[in-house]
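Undergrad: In terms of numbering that gives the first Met the number 0, the sequence shown opens at residue 0 and continues consecutively.
Glycine is no exception: its CB is placed at the ideal position from the N, C-alpha and C atoms.
Mind having a look at this structure? Questions to follow.
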Amino acid sequence: MIAPQVVIEARHGQEAILATAEQLKPLIGGVKNAIICEPEIFDVFVQEELKYYKIEKVVRLKMLDYPGDTHVDILRLSRMKKEILILSNLLSHQKRTPF
């Protein structure tokens with residue numbers, strides 16, 4: 000597991016998501032390439048492929064409106080002058096967000 004450099008508490012709802020986005024913007028900036036993984040695929044990527052990338056930033060979104068220690072890790076990686084953003088999970092609650 001990768002230790003996050005920053006942990007941000009996050010909730011669902013339009014205002015909360017926009018506030019979280021404002022917190023993320025200075026941390027991860029803009030990246031053209033992004034991948035959203037299922038947790039199992041993210042774990043395999045971290046174990047098998049991460050060694051080929053330079054870790055630029057690791058941010059954890061601690062999801063307050065989920066039970067337990069539910070979180071989404073965001074990795075900003077670079078390789079050969081190209082950057083990629085990888086999210087560790089797409090939570091089902093996000094599919095019901097009304098915007």
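1. Can you name the start and end residues of the alpha helix (DSSP H) that Leu17 belongs to?
2. Would you check if the distance between the CB atom of Asn32 and the CB atom of Ile73 is smaller than 8 Å?
3. With distance defined between alpha-carbon atoms, name the residue in Thr69, Arg78, Ser77 nearest to Asn88.
4. If I follow the unbroken alpha helix (DSSP H) through Ile40, where does it start and stop?
5. Given a cut-off of 8 Å on the beta-carbon distance, is the pair His77 and Glu48 in contact?
TA: Taking the geometry as given:
1. Leu17 -> alpha helix (DSSP H) spans 13 to 27.
2. Taking 8 Å as the Cβ cut-off, Asn32 and Ile73 do not qualify as a contacting pair.
3. Out of Thr69, Arg78, Ser77, the CA that lies nearest to the CA of Asn88 is found in Thr69.
4. It spans 38 to 47 - the alpha helix (DSSP H) in which Ile40 sits, taken as one unbroken run.
5. It should be pointed out that residue 77 corresponds to Ser in this sequence rather than to His. In this structure, Glu48 does not lie closer than 8 Å to Ser77 by Cβ.
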